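J.: At position 50 of the sequence shown the residue is numbered 50 (the working numbering), and the sequence of numbers has no breaks.
No residue lacks a Cβ here, since even glycine has one placed at the ideal position from N, Cα and C.
Because the structure is a prediction, the values reported are computed rather than measured.
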Amino acid sequence: MDCGDPVSDGCFLALADWRPLRATEGYAAIVEQLLAHGAEVNTKNPTTGYMALMFAAESDRREIVEVLLDHGAGLGDRNAYQETVVMVLVRHGQTDLVQRLVQMGTDIRAVNKIGDTAFYSAMRVS
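(1) Is it buried or exposed for A80, if we count other Cβ within 10 angstroms and need 16 for buried?
(2) Going by beta carbon distance, what residues of the same chain come within less than 6 Å of A110, once the five residues before and after it are set aside?
(3) Any idea what DSSP makes of T43, helix, strand or coil?
(4) Per DSSP, which one or two residues make a beta bridge with M123?
(5) How is R100 classed by DSSP in three states: helix, strand or coil?
(6) Would a C-beta distance cut-off of 7 Å place N42 and M51 closer than the cut-off?
(7) Based on DSSP bridge pairs, tell me the residues matched to M51.
(8) Distance, Cα to Cα, T48 vs R78?
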């Protein structure tokens, strides 16, 4: 369903239609509304198995990452390369969000598919 701007157009998705993929579309306000009305923050996409937080991080949607974290999104999701959310945020240069995840207790010692940690990735990015 393409509604343009779902907030100003008054086009809200039914809770039954909530999918983590919505986190990639850039509508933080609609994600906020869905969560406020009972959508589960840690629902996994049936195709990829990713939660909304991973989709938002991969899509570099920092505002949606913040909304999802504010609503208690889990930090343990991994992508196809076995990267954690913090590794993805490091790759995108989102240092303030990385700091927030570290303060929230994310596993900074986790390694991806090729054995890199978030710290190693940060060194390559800088």
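T.: Put simply:
(1) Looking up residue 80 in the sequence shown gives position 80. A80 should be labelled exposed.
(2) Translated into positions along the sequence shown, residue 110 becomes position 110. For A110, where only same-chain residues beyond five positions count, the Cβ hits under 6 Å are T84.
(3) Within the sequence shown, numbered from 1, the residue matching residue 43 stands at position 43. DSSP places T43 in coil when its eight states are reduced to three.
(4) Residue mapping note: residue 123 aligns to position 123 of the sequence shown, counting from 1. DSSP, once it has assigned bridges, lists no residue as partnering M123.
(5) If you number the sequence shown from 1, residue 100 lands on position 100. Residue state, collapsed to three classes: helix.
(6) The sequence position of residue 42 within the sequence shown is 42, counting from 1. The sequence position of residue 51 within the sequence shown is 51, counting from 1. With contacts defined as CB atoms closer than 7 Å, N42 and M51 qualify as a contacting pair.
(7) For this step, residue 51 is matched to residue 51 along the sequence shown. K44, per the DSSP bridge assignment.
(8) Residue numbering aside, residue 48 sits at position 48 when the sequence shown is read from its first letter. Residue numbering aside, residue 78 sits at position 78 when the sequence shown is read from its first letter. Straight-line Cα distance between these residues: approximately 10 Å.
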